[in-house]
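Here the protein sequences come in this chain order: A and B.
Just so you know, my numbering puts 225 at position 225 of the first sequence, and the rest follows in order with no gaps.
Adding 335 to a residue's 1-based position in the second sequence gives its number in my numbering.
This report concerns only the one structure given below.
Number of protein chains: 2
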Amino acid sequence: MAETVNIKRLAQELNISIATVSKALNDSHEISLKTKNRVWTLAKELNYTPNPAASNLRSNKTKTVAVVIPCVANNFFSLSIMGIEEIARQYGYHVLIYQTHENIEAEKAFTNSLLNGRVDGILTSVSSSEYNSEYYANLVKKIPLVFFDRVYENLDAVKVTTDDYEIAFQATEHLIECGCTKIAYLFGLENLPAGKARFAGYLDALKSHGLAPSDELVIKYHDDEEFNLQQIKELLGKYKPDALFSSIEEFIIPAYCACRELGLQIPDDVKVLSFSNLSTAKLLSPSLTTISQPAFEIGREAAKCLFKILHNKQLDDEQNIILKSVLTKRESTGC
Amino acid sequence: MAETVNIKRLAQELNISIATVSKALNDSHEISLKTKNRVWTLAKELNYTPNPAASNLRSNKTKTVAVVIPCVANNFFSLSIMGIEEIARQYGYHVLIYQTHENIEAEKAFTNSLLNGRVDGILTSVSSSEYNSEYYANLVKKIPLVFFDRVYENLDAVKVTTDDYEIAFQATEHLIECGCTKIAYLFGLENLPAGKARFAGYLDALKSHGLAPSDELVIKYHDDEEFNLQQIKELLGKYKPDALFSSIEEFIIPAYCACRELGLQIPDDVKVLSFSNLSTAKLLSPSLTTISQPAFEIGREAAKCLFKILHNKQLDDEQNIILKSVLTKRESTGC
DNA sequence: CTGATACGCGAAAACGTTTACGTAATTAAA
DNA sequence: TTTAATTACGTAAACGTTTTCGCGTATCAG
């Protein structure tokens with residue numbers, strides 16, 4: 001118990017060399033089954049587990065990956081992590097978590113600190129505050145990295161995303177079909193491809209139905225609850241849109257609150273629809289029409305890709321994996 | 336760039352020994368300021384970062400902690416992780432995540448795999464499937480460990496919890512004051528101190544107001560959505576309680592759905608109240624009266640304790656830190 | 001019977017740090 | 001002036017693995 005049990009100890013007790021023990025533990029073909037069994041049983045008996053630091057140092061493999069994301073306390077990201085963790089478990093990998101809080105400097109600091117062999121690879125969903133592709137262009141040369149959801153384009157790296165443009169288009173059409181002609185857009189992730197694609201889908205849907213987009217009907221997300229609420233109230237009061245298309249989950253609460261405070265009925269006075277992974281969307285008052293991304297699957301898929309890369313397996317075909325979101329129509333768009 | 340930059344490289348370029356470089360980097364008093372500055376500037380210039388594996392191996396410190404929890408995709412736990420991560424960042428620690436999915440065997444396997452020097456300490460919220468204190472009694476002797484929320488009692492370890500008994504008592508009284516006399520209890524975490532305390536608070540509140548508890552009004556959580564829904568529907572149909580006290584967030588959706596399917600109006604026909612960290616509680620239909628635990632602070636507090644232990648600092652006084660939950664009265668208890 | 005081949009294992013180096021100890025030069029105390 | 005203490009640095013061992021290389025023995029084909 002007090003004695004630390006390492007490979008040397010096993011070797012002594014079995015009267016064989018530490019090289020043989022090491023090889024036996026790694027199931028090397030150089031070792032006879034008889035010897036392997038002796039080693040395995042003693043290892044189990046003494047509860048031996050290899051020292052990760054020593055192993056990492058020698059082999060340059062850590063069996064660890066890092067997940068760098070804006071925030072854990074977010075339905076999308078916590079589901080993604082869950083997916084990542086599930087796959088990591090299957091592959092016997094460990095998972096480190098880093099939160100950037102949308103701060104690109106923190107993001108760089110974290111990823112830089114991971115380049116010295118702390119992890120074998122990185123899974124990341126980048127922060128929305130800035131779009132600095134130079135940094136990542138260099139980074140992807142130095143370490144296996146997979147982007148998910150919030151990605152940098154045109155880089156030599158795998159990206160797992162969703163059909164943002166198409167689903168936003170489809171959702172906008174849904175609002176139009178419900179009779180809306182003045183659809184406001186609550187703009188999030190404006191610096192990122194995902195945010196731009198969602199907005200483009202919205203705009204194109206408007207155009208294809210002969211509706212003119214208007215800057216007045218677009219407001220942008222700020223990291224300030226009160227500010228967002230006021231923005232939406234002003235939007236609703238001043239320009240009287242008949243629908244709110246929220247491109248990120250963070251707008252849901254202020255949107256609902258704004259309507260309540262102004263005495264606007266959802267969906268009669270204004271219809272509401274949002275990108276969201278909220279499990280209680282159907283319990284809201286009224287229940288909320290959502291575009292939900294397959295967060296769990298995104299995490300799984302991203303992790304699978306990373307492990308394929310780490311094991312030098314051929315990636316099936318493309319570097320761009322695109323999963324489908326689903327539009328769930330509920331009372332808030334009422335039709 | 337191709338050349339890996341390590342301590343040896345720095346030593347060569349500066350024409351000093353690697354020992355001197357190492358000491359300089361660690362700001363040892365043995366090294367002159369002049370030499371330190373030479374080392375520091377070159378280190379920065381070459382973007383040197385120490386190899387963690389080598390450092391861990393030699394020093395037996397990993398600057399890493401593990402968080403072992405049932406599930407990431409849960410409002411309480413994701414907030415806790417956020418708190419933990421924040422403190423870990425301040426102390427320069429890394430955070431590993433492990434999900435047990437309420438499986439005690441997985442839990443043991445994970446924690447065992449952490450005993451070989453992979454981490455300096457563990458933060459855990461144990462699984463509810465079983466209460467096996469022998470295992471943890473041994474574990475806490477082997478590695479610094481802090482429990483949060485879901486704890487093992489009577490062990491020599493720090494525990495960060497909330498005032499489960501008191502807040503459950505208070506919440507039950509609230510229902511009674513709203514005129515309820517037949518309060519059903521949706522029982523979760525029954526094997527754990529937290530679950531037992533909540534239930535005890537409920538029972539004692541009933542008794543102190545002259546209400547008789549009834550087994551018929553208590554149902555237990557199962558890991559099966561449909562089953563829970565049916566259970567609640569049966570409870571509502573058969574025994575006509577005038578309130579549902581849900582001791583865990585997972586009962587909210589089935590409780591609301593059951594009421595809707597049976598045509599029962601909340602709060603007129605039945606009042607509902609739940610432990611929950613749901614951010615959208617106020618947007619539900621009707622808005623939900625909640626007991627919310629300070630999840631973020633719990634994470635912060637637990638992490639702080641662990642780091643104090645790791646730095647051999649005296650823990651202020653007690654091993655039991657108890658934070659206050661808050662009862663937020665909303666429409667679902669309507670009074 | 002000889003040479004080649006495979007098998008099973010051990011010796012030792014290597015991974016990049018940290019640290020106990022030694023040493024020379026300088027400074028302070030006696 | 002001698003001795004002790006301090007300063008600034010170097011040597012080398014150690015942490016626990018993995019892996020290359022080599023060696024002896026057994027097996028087998030010719």
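All residues carry an ideal CB built from backbone N, CA and C; glycine is no exception.
Chain-ordered neighbours of residue i on chain A, where CB pairs are closer than 8 Å
i, result
"B/PRO602", "By Cβ distance, chain A contributes nothing, its closest Cβ being about 13 Å from B/PRO602, past 8 Å."
"B/TYR591", "LEU283"
"B/HIS557", "Correct list: empty, because the minimum Cβ distance to chain A is about 18 Å."
"B/PRO385", "ASN116"
Residue i, enclosing beta strand (DSSP E) - first and last residue
i, result
"A/LEU323", "320-323"
"B/THR370", "No beta strand (DSSP E) contains B/THR370, which is instead part of the alpha helix (DSSP H) from 368-380."
"A/GLN293", "Taken as a continuous stretch (DSSP letters only), A/GLN293 belongs to no beta strand (DSSP E), as it is neither H nor E."
"A/THR64", "64-69"
"B/ALA519", "518-522"
"B/THR355", "B/THR355 -> not in any beta strand (DSSP E); alpha helix (DSSP H) instead, spanning 353-360."
"A/SER246", "243-246"
"B/VAL454", "It is not in any beta strand (DSSP E) - B/VAL454 carries neither H nor E in the DSSP assignment."
"B/LEU392", "No beta strand (DSSP E) contains B/LEU392, which is instead part of the alpha helix (DSSP H) from 387-394."
"B/ILE601", "B/ILE601 -> no beta strand (DSSP E), and no H or E assigned at all."
"A/LEU10", "Unbroken run through A/LEU10 is the alpha helix (DSSP H), 7-14; no beta strand (DSSP E)."
"A/PHE148", "145-148"
"B/LYS555", "553-555"
Beta-carbon proximity check, residue i vs residue j, cutoff 8 Å
i, j, result
"B/PHE534", "B/GLY634", "no"
"A/LEU288", "A/SER279", "no"
"B/THR459", "B/LEU480", "yes"
"A/GLY195", "A/TYR165", "no"
"B/ARG485", "B/VAL461", "yes"
"A/LYS238", "A/ALA258", "no"
"A/HIS209", "A/THR333", "no"
"A/ILE291", "A/ALA171", "yes"
"A/ASN191", "A/GLU130", "yes"
"B/LYS396", "B/GLY427", "no"
"B/PRO589", "B/ASN563", "yes"
"B/ASN655", "B/LYS476", "no"
"A/LEU327", "A/ILE167", "yes"
"B/ALA638", "B/ILE419", "yes"
"A/ASN26", "B/GLY452", "no"
"B/CYS515", "B/LYS606", "yes"
Listed by chain order, chain A residues near residue i by CB distance under 9 Å
i, result
"B/ASN372", "Per Cβ cutoff of 9 Å: no residues; B/ASN372 is ~22 Å from chain A at best."
"B/PRO621", "SER285"
Cβ separation of residue i and residue j, assumed to be a contact under 8 Å, to the nearest whole Å
i, j, result
"B/ILE422", "B/PHE642", "7 Å"
"A/SER285", "B/PRO621", "7 Å"
"A/LYS36", "A/ALA53", "Actually they are not in contact, since the Cβ atoms of A/LYS36 and A/ALA53 sit about 25 Å apart, beyond 8 Å."
"B/PRO576", "B/LYS517", "5 Å"
"A/VAL65", "A/VAL95", "6 Å"
"A/ILE219", "A/LEU235", "6 Å"
"A/LYS313", "A/ASP163", "Not quite, the Cβ-Cβ distance comes to about 26 Å (not below 8 Å), so this is no contact."
"A/ILE81", "A/LEU114", "Their Cβ separation, rounded to whole angstroms, is 17 Å, which puts A/ILE81 and A/LEU114 out of contact at 8 Å."
Partner residues on chain B for residue i, Cβ-Cβ distance less than 9 Å
i, result
"A/ALA303", "Going along chain B, no residue has its Cβ under 9 Å from A/ALA303, so there is no contact; the nearest lies around 13 Å."
First and last residue of the uninterrupted alpha helix (DSSP H) at residue i
i, result
"B/HIS509", "499-512"
"B/GLN434", "First-last for B/GLN434: 429-434, but that is the beta strand (DSSP E), not the alpha helix (DSSP H)."
"A/SER80", "75-91"
"A/VAL140", "133-142"
"A/LEU203", "193-208"
"B/PHE610", "Here B/PHE610 belongs to no alpha helix (DSSP H); instead the beta strand (DSSP E) covers 606-610."
"B/LYS648", "Note, B/LYS648: premise wrong, no alpha helix (DSSP H); not H, not E."
"A/LEU236", "225-239"
"B/LYS443", "439-448"
Within chain A, partners of residue i - CB distance below 7 Å
i, result
"B/SER667", "Those do not exist, as B/SER667 stays about 11 Å from chain A at its closest Cβ, beyond 7 Å."
"B/ALA408", "SER78, LEU79, MET82"
Contacts of residue i in chain B (Cβ-Cβ under 8 Å)
i, result
"A/ALA137", "By Cβ distance, chain B contributes nothing, its closest Cβ being about 15 Å from A/ALA137, past 8 Å."
Chain-ordered chain B contacts of residue i [CB-CB under 7 Å]
i, result
"A/LEU278", "THR615"
"A/ASN56", "ALA388"
"A/LEU323", "Correct list: empty, because the minimum Cβ distance to chain B is about 17 Å."
Near the ligand HEM: residue i beta-carbon under 7 Å from a heavy atom
i, result
"A/SER80", "Looking for the ligand HEM in the displayed structure turns up nothing, as the structure carries no ligands at all."
>> Across the region 521-530 of chain B and the region 577-587 of chain B, are there enough close Cβ pairs to call them in contact, namely three or more that are closer than 8 Å?
In response: yes
>> Check whether the region 67-75 of chain A and the region 93-105 of chain A are in contact - that is, three or more C-beta pairs closer than 8 Å.
In response: yes
> Touch check for the region 104-119 of chain A and the region 127-137 of chain A: three-plus C-beta pairs under 8 Å?
Replying inline: yes
>> For the structure I just gave you, are there three or more beta carbon pairs, one from the region 11-18 of chain A and one from the region 38-52 of chain A, closer than 8 Å?
In response: Yes: at least three Cβ pairs fall under 8 Å.
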